[in-house]
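Written out below as structure tokens is the structure these notes cover.
Residue numbers (the working numbering), protein chains in the order written: chain X, 1 to 176; chain D, 1001 to 1187.
Pasting the structure below:
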């Protein structure tokens, strides 16, 4: 792309007219234009261009819209796709590595070691240990619930309490 | 008054009309009609194929339409147009290179091959050789050669168009002519 530069004075000293004098073959070909265009091309071109310019004028997209469109450039889509594939491959590789680790650990543990481990776990949850611990603290394993007294005996107990403590029932009634 | 002065005066009038909302479309139509051929041939010599040239020329004028209100008249209208045309052509060739994933030289080779199949190339064999020779030049030399040899543009105008010193342009043209002459001798 051409860049802006200061236009400086001619310092080359090259004579302009001598250049072609030293090129007889080029000079012999001449300057005729060998290219052509379809018939009527230049007659229709201004109208085509005007149509495009006025169409563009009607649909000038906003700056924000342009920024969004920029995100959909093919190269960005390609890079995003590569990133997603790389992350997916990395996660899959990690998952496979961990699974293989557990499998290899399981294979390397012998049956006897597994059995000892299970017995130890059972020993930890042995109920007799728990019972002994409770007995040492004089605490029943299951607290016994008091039996509910029959309704008649309850009334008798109340009467006994009132007699023993010299409480007059009429006093209670007048207070209520 | 020279023809260049007449042209500049005429351009100033067109630009004045373009700035006026009511005469904008008419003025732009006039500008396109006036410069379409010069812009088209400049583009066509760089991209070779007619359909490609047609696309690039339309892009050039759409860009001109969008930016003409910012044109400060520090340079002449046609040098400004040429600059846009050259840049659009180079962008087009680079995009082609990117889309096809091929090096720049291969694109030039492809353009050279197109000359054989192009229905809109009516040159003789020796003129085809000349176009092939031009396609072997580095990008900058190719532009300078086309502008000087075919368009007969003055170095001063070319310097304004390409933002390069007159000395550098003369050197580029000198090297380009030398290389083309050698190519023609070999082929």
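Glycine included, C-beta positions come from ideal geometry on N, C-alpha and C.
- In chain order, 42, 45 and 46 make up the part of chain X whose C-beta sits under 9 Å from the C-beta of residue 1033 (chain D).
- Residue 47 (chain X) is classed as exposed because its beta carbon has fewer than 16 other beta carbons within 10 Å across all chains shown.
- Secondary structure of residue 1018 (chain D) (DSSP, three-state): helix.
- Note that the region 1047-1055 of chain D does not touch the region 1020-1032 of chain D; fewer than 3 beta-carbon pairs, one per stretch, sit closer than 8 Å.
- Residue 1061 (chain D) is not bridged by DSSP to any residue.
- Close CB contacts of residue 1080 (chain D) within its chain, under the 7 Å cut and outside five residues either way in sequence, are with 1071 (chain order).
- Going by beta carbons, residue 1035 (chain D) and residue 1077 (chain D) fall inside the 9 Å limit.
- For residue 1172 (chain D), the enclosing alpha helix (DSSP H) begins and ends at 1166-1186.
- Proximity of the region 1110-1120 of chain D to the region 1061-1070 of chain D falls short of the contact definition, fewer than three beta-carbon pairs being nearer than 8 Å.
- Counting of Cβ neighbours within 10 angstroms places residue 161 (chain X) among the exposed residues, the total staying below 16.
- Within the DSSP bridge table, the entry for residue 1121 (chain D) names X:35 as partners.
- Between residue 1121 (chain D) and residue 38 (chain X), the beta carbon gap of about 13 Å keeps them out of contact (Cβ cut-off 8 Å).
- Taken through DSSP and simplified to helix, strand or coil, residue 111 (chain X) comes out as helix.
- With fewer than 16 other Cβ atoms inside 10 Å of its own Cβ, residue 105 (chain X) counts as exposed.
- Taking a C-beta distance under 9 Å as the contact criterion, residue 1062 (chain D) and residue 52 (chain X) qualify as a contact pair.
- Using beta-carbon distances, residue 36 (chain X) counts as an interface residue toward chain D, with a partner under 9 Å.
- Of D:1167, D:1187, D:1058 and D:1007, the smallest CA-CA separation from residue 1125 (chain D) is found for D:1187.
- When DSSP states are grouped into helix, strand and coil, residue 1160 (chain D) belongs to the helix group.
- For the pair residue 1177 (chain D) and residue 1155 (chain D), the CB atoms are not nearer than the 9 Å cut-off.
- Each residue's CA atom was taken as its position, placing residue 1128 (chain D) and residue 1054 (chain D) some 21 Å apart.
- Taking C-beta separations shorter than 8 Å and ignoring five residues to either side along the sequence, the partners of residue 1144 (chain D) in its chain run 1158, 1162, 1169, 1172, 1173 and 1176, following chain order.
- In the structure shown, residue 50 (chain X) falls within a helical segment according to DSSP collapsed to helix, strand and coil.
- Nearest neighbour of residue 1033 (chain D) by Cα position, chosen from X:43, X:27 and X:36, turns out to be X:43.
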